[in-house]
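Novice: My structure is below; once you've seen it, I'll send some questions.
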Amino acid sequence: MTATGPCNALDVVDVVALGESMVTFLPTRPGRLADVPSFERGIGGAESNVACGLAAAGHSVRWVSRVGADGFGDHLVEAIGGYGVDVSAVRRDPVRPTGVYFRTAGDRATDAHEVAYYRTGSAASAMSVENVQPEAVRSGRVLHLSGITAALSKGCLGLLRQLTAPDEGRPLVSFDVNHRAGLWQDADGPLVLLELARGADIVFVGVDEAEEAWGVTGGPESIREALPEPPVLVVKDGGRGATVFASAAGDRAASATPGPQWGQRDGTPPTPGHATGAAPAPDADAAPTSFVPALHVEVAAATGAGDAFAAGFLSATLRALPLRDRLRHGHLWAAAALAAPGDLAAPPSRDHADRLVALDDAAWEKLRLGPGWTQAFERADEEVRTP
1 MTATGPCNAL
11 DVVDVVALGE
21 SMVTFLPTRP
31 GRLADVPSFE
41 RGIGGAESNV
51 ACGLAAAGHS
61 VRWVSRVGAD
71 GFGDHLVEAI
81 GGYGVDVSAV
91 RRDPVRPTGV
101 YFRTAGDRAT
111 DAHEVAYYRT
121 GSAASAMSVE
131 NVQPEAVRSG
141 RVLHLSGITA
151 ALSKGCLGLL
161 RQLTAPDEGR
171 PLVSFDVNHR
181 AGLWQDADGP
191 LVLLELARGA
201 DIVFVGVDEA
211 EEAWGVTGGP
221 ESIREALPEP
231 PVLVVKDGGR
241 GATVFASAAG
251 DRAASATPGP
261 QWGQRDGTPP
271 TPGHATGAAP
281 APDADAAPTS
291 FVPALHVEVA
301 AATGAGDAFA
311 AGFLSATLRA
321 LPLRDRLRHG
331 HLWAAAALAA
341 PGDLAAPPSR
351 DHADRLVALD
361 DAAWEKLRLG
371 PGWTQAFERA
381 DEEVRTP
């Protein structure tokens, strides 16, 4: 089975990503939503962005979700499947629609933007323990989730609580906090995100969202103090860089294997324990903490950069690379997204990324990347190989 071929329900894949994807409408010119006359259609969704990036890089990936029995649902399934993601576990909802959203051309990371979501009552918001195929969810070495899903409905929250609960048979759980204050209907959202993060194996969180959601200030070390449970915690600090904290259990990620159990559907607690699988012995000489500065990038749009970072880090984790190299791969994948106008961008090829990751610290900090940098590297490499 390859990344571009379909997967049977029980085929083991590198990564399963569960979450909502929406059809995105991007303006054809700058301006207010009220003034933009036309839009171009795209796709957007934190988990599916990660899935598409990993599949484009050659990993086997399955996306689990629900979409409407409508044309927008057709488009999502076809577009995400076109990246090489297995979409056989996506279910069609005959009643609820596929979510959509519109945004202006401004940067979503600043106030110079507008976003209009039409996702209330969407097909994906109806996901629950009862209607998500357990064999598909448990079929990856890594299960990638985000806090966005937990905010969509009580059923979605129950599902994420089930998936992050201690369970001897579960895959390695990757969780991107993705705090979106506007999605939560009550004040308990931040505490829910903290609960889910504490149950995951790999957690991604930004310094800014940790302060906004949990009131944690003082930088990465303070966040680790507030969140000591995850074996691997990745703290992103915008243009400054990213820090990873790892416990002794953190390096079993690359060899975690899925188990046969789904947990209890009757409300009783699942079997205690985390992901199973023979793990390589941790490197006694490896530092449990690593910081890698962010790259200098000519930014076209900030959308999708966090998802790309997570995908790059997970790709390197599946290859059992050192912590520093995992962060560097995350930065490189984020740089590819930052230099592209949409939510999704092709990641750098593995060869080129590995070469850049191997640079010494001084050369790494001197890198300057702009739009098209991944293609430029590929063209240069092709010229070297061509007689």
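Residue numbering for the sequence shown follows full-length UniProt numbering, beginning at 1 and increasing consecutively.
No residue lacks a Cβ here, since even glycine has one placed at the ideal position from N, Cα and C.
All values derive from a computational prediction rather than experimental measurement.
1) For Tyr117, which beta-bridge partners are listed by DSSP?
2) I need the straight-line Cα distance from Pro280 to Val95, nearest angstrom please.
3) With a Cβ-Cβ cutoff of 7 Å, do Ile148 and Ala300 count as a contact?
4) Taking C-beta to C-beta, are Asp343 and Asn49 nearer than 7 Å?
5) State yes or no: is the C-beta of Ala294 within less than 7 Å of the C-beta of Ala337?
6) With a 10 Å radius around its C-beta and 16 neighbouring C-beta atoms as the bar for buried, classify Ser290 as buried or exposed.
7) Any idea what DSSP makes of Glu209, helix, strand or coil?
8) Do Arg180 and Met127 count as a contact pair if the criterion is CB distance below 7 Å?
9) Ala56: buried (16+ other C-beta within 10 angstroms of its C-beta) or exposed?
10) Within this structure, are the beta carbons of Val61 and Ala69 separated by less than 7 Å?
11) Run the CB neighbour count on His296, radius 10 Å, all protein chains shown included, and call it buried at 16 or more, exposed below.
12) Return the chain-ordered list of same chain residues with a C-beta closer than 6 Å to the C-beta of Ala124, the five sequence neighbours on each side being excluded.
13) Here's the rule I'm using: 16 or more other beta-carbon atoms within 10 Å means buried, otherwise exposed. How should Asp325 be labelled?
14) Which residues does DSSP pair with Lys236 in a beta bridge?
15) With DSSP as the reference, identify every bridge partner of Pro293, one or two as the case may be.
16) Exposed or buried, what is Lys236 when buried is set at 16 or more other beta-carbons lying within 10 Å of its beta-carbon?
17) Is it buried or exposed for Arg368, if we count other Cβ within 10 angstroms and need 16 for buried?
18) How would you write the range of the alpha helix (DSSP H) that Pro190 sits in, first residue to last?
19) Hey, could you find the ends of the beta strand (DSSP E) His144 is sitting in?
20) With H, G and I counted as helix, E and B as strand and the rest as coil, what does DSSP make of Leu227?
21) State the Cα-Cα distance for the pair Gly238 and Gly206, rounded to the nearest angstrom.
22) Within 10 angstroms of its Cβ, does Gly330 collect 16 or more other Cβ (buried), or is it exposed?
23) Quick check on Ala342: does DSSP put it in helix, strand or coil?
24) Quick one: using the 10 Å Cβ neighbour count with 16 as the cut-off for buried, is Arg355 buried or exposed?
25) Report yes or no: do the stretch 132-147 and the stretch 163-175 share at least 3 C-beta pairs separated by less than 8 Å?
26) By DSSP, does Ala253 sit in helix, in strand, or in coil?
27) Is Asp70 helix, strand or coil when you go by DSSP?
28) Would you kindly report the start and end of the unbroken beta strand (DSSP E) that includes Ser174?
29) From the beta carbon of Gly53, is the nearest beta carbon of chain C less than 7 Å away?
30) Excluding the 5 residues preceding and the 5 following Glu298 in the sequence, name in chain order all residues of the same chain whose CB lies nearer than 6 Å to its CB.
31) Could you tell me the alpha carbon to alpha carbon distance between Thr374 and Gly241, rounded to whole angstroms?
32) Any idea if Val16 is buried or exposed, counting beta-carbon neighbours within 10 angstroms, 16 or more meaning buried?
33) Answer yes or no: do Val129 and Leu157 have a C-beta to C-beta separation smaller than 7 Å?
34) When you compare the CB positions of Pro348 and Leu332, do they come within less than 7 Å of one another, or not?
35) Could you have a look at Asp360 and say whether DSSP puts it in helix, strand or coil?
36) Assuming Met22 and Val137 make a contact with CB atoms under 8 Å, what is their CB distance in whole Å?
Specialist: Let's see:
1) Tyr101
2) Summary for Pro280: the model assigns pLDDT 33, below 50, so the residue's position carries little reliability; its value from the coordinates is reported in the next sentence. So the alpha carbons of these two residues sit roughly 47 Å apart.
3) no
4) yes
5) no
6) buried
7) helix
8) no
9) buried
10) no
11) exposed
12) Glu20, Ser65, Arg66
13) buried
14) Gly206, Ala242
15) Gly241
16) buried
17) exposed
18) 189-198
19) 140-146
20) coil
21) 8 Å
22) buried
23) The sequence shown places Gly at residue 342, rather than the Ala named in the question. In this structure, Gly342 counts as coil in the three-state DSSP scheme.
24) exposed
25) yes
26) Note on Ala253: pLDDT 48, under 50, position unreliable in the model; the coordinate value appears next. Helix, per DSSP.
27) coil
28) 172-176
29) Absent from the structure: chain C. Only one protein chain is present.
30) Gly370
31) 20 Å
32) buried
33) no
34) yes
35) coil
36) Rounded, the Cβ-Cβ distance is 21 Å, inconsistent with contact.
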